[in-house]
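Be aware that the sequence shown starts at 1, since it is given in full-length UniProt numbering, and climbs by one per residue.
Backbone N, C-alpha and C define an ideal beta-carbon position, used for all residues, glycine too.
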Amino acid sequence: MPDTHTPHAGDDRAADTDVVALLIRQHGDIRNLFDEVEQSSGEERRDAFRRLVRLLAVHETAEEEVVHPWARRSTPGGEGVVEDRLAEEKEAKEILSALDEMDIDDQRFLPQLRRLRTAVQQHARAEERYEFTHIRRNADADALAAMARAVKAAEAIAPTRPHPGVESAGANVALGPVAALMDRAKDAARKAMGKG
Ligand SMILES: [Fe+2]
Ligand SMILES: [Fe+2]
């Protein structure tokens with residue numbers, strides 16, 4: 001596999017001290033992974049899709065556990081902004097779960113993937129515009145760093161690569177259900193914030 005591919009979630013070694021920079025970088029990785037899934041086929045598409053599902057699951061879960069609660073409490077108009085973001089995330093997660101149960105060869109796969117992409121990208125833009133800018137203005141360096149640590153803890157919850165021999169067994173065997181990934185990411189984020 002060419003090494004031009006988007007890094008696996010959890011393979012990110014940057015010393016993140018700013019949660020906003022970290023999340024915006026993940027938005028970029030997510031966008032690139034959608035490109036990789038759309039432009040590949042066969043095993044390569046399956047692999048790219050698996051990485052996309054994992055990154056989306058940990059990214060959205062970390063935002064729900066770490067940054068949305070902070071924005072709700074500590075930014076002007078935070079309550080309404082966060083409600084809108086949560087509704088978008090709920091829609092994206094529903095499409096993601098449906099897709100995750102589908103094989104990449106299913107004829108419904110690409111249309112659903114494009115639906116997910118549209119939803120996820122509109123959501124990411126809204127986060128950057130209406131939420132992240134306020135977090136940057138209102139959070140001090142300690143808060144930005146503590147939130148970054150919790151997001152990274154969520155990201156580190158599962159092996160980034162499937163075990164040898166498991167990969168060829170089927171679409172998403174190594175990944176497990178999206179819901180289980182999200183549960184583990186949630187626990188890790190809570191623990192990192194001292195709520196575990
Ligand atoms: Fe989000
Ligand atoms: Fe996001």
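Judged by their CB atoms, M147 and V37 are not nearer to each other than the 8 Å cut-off.
In this structure, D35 is the residue among S41, D35, E64 with its C-alpha nearest to the C-alpha of L52.
The DSSP-derived three-state label of S40 is coil. Spanning the alpha carbons of K186 and T61 requires a straight line of approximately 6 Å. Cβ atoms of Q121 and R31 come within 8 Å of each other, at about 7 Å. For the UniProt domain "Hemerythrin-like" (19 to 132), the continuous alpha helix (DSSP H) assignments of 4+ residues that do not extend past its boundaries occur at 19 to 39, 42 to 62, 68 to 74, 78 to 100, 109 to 126, in sequence order.
Residues S97 of the same chain have their beta carbon placed closer than 8 Å to that of A179, with the five preceding and five following residues left out of the count. With a cut-off of 7 Å, the C-beta of E127 is classified as near ligand 1, since at least one heavy atom of the ligand falls inside that distance.
If you draw a 10 Å sphere on the C-beta of G194, you find fewer than 16 other C-beta atoms in it, and that means exposed.
Taking the CA atoms as reference points, R46 sits about 31 Å from A192. K186: member of the alpha helix (DSSP H) spanning 178 to 192, first to last residue.
The segment 151 to 158 makes no contact with the segment 129 to 137: fewer than 3 CB pairs, one atom from each, lie closer than 8 Å.
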